[in-house]
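Novice: Below are the structure tokens for one structure; questions will follow.
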Amino acid sequence: MIYLYAVVLIALLCSFMADRSKTCKALRITIKRFGHILPAFVGMLVLVSIILTLIPNRLIVQFLGRSNMLTGTLIASFFGSITLMPGFIAYPLCGILLKKGVSYTV
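FYI, the numbering for the sequence shown is 5 to 110, going by the working numbering.
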């Protein structure tokens with residue numbers, strides 16, 4: 005991850021040296037768009053955190069675990085299709101579910 009940040013920083017510096025005004029304009033647009041996404045991101049993060057706290061690990065593993073591949077995949081597909089989460093929320097959530105014992109196929 006550090007390498008990705010380094011590449012982005014180098015690209016930003018190259019852009020800044022090539023055309024300072026365009027880079028500043030692009031950064032302002034980026035910050036403005038991030039400000040529009042931030043409330044939804046924080047809300048989804050809080051909602052997912054509350055749900056994962058309230059539902060016991062054994063229940064998550066029971067329905068989405070390794071022993072119930074077909075049922076787990078169907079349940080995960082159903083909830084995944086109605087939530088329509090952006091990737092920056094879905095990927096960390098998948099990491100949490102993997103740590104709890106849910107299989108990769110779900």
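Don't be surprised by glycine CBs; every beta carbon is placed ideally from N, CA and C.
For the alpha helix (DSSP H) containing V106, name the first residue and the last one.
Specialist: Unbroken run through V106: none, as it is neither H nor E.
Novice: On the criterion of 16 or more Cβ atoms from any shown chain inside 10 Å, does V106 qualify as buried, or is it exposed?
Specialist: Classification of V106: buried, given that the 10 Å Cβ count is 16 or more.
Novice: What number of angstroms, rounded off, separates the C-alpha of S19 from the C-alpha of F45?
Specialist: Computed Cα separation, rounded: 28 Å.
Novice: Assuming I55 contacts K104 (C-beta within less than 8 Å), just tell me the rounded distance between them.
Specialist: Not confirmed; about 12 Å, so no contact.
Novice: Quick one: Cα of M21 to Cα of A94, how far?
Specialist: About 35 Å.
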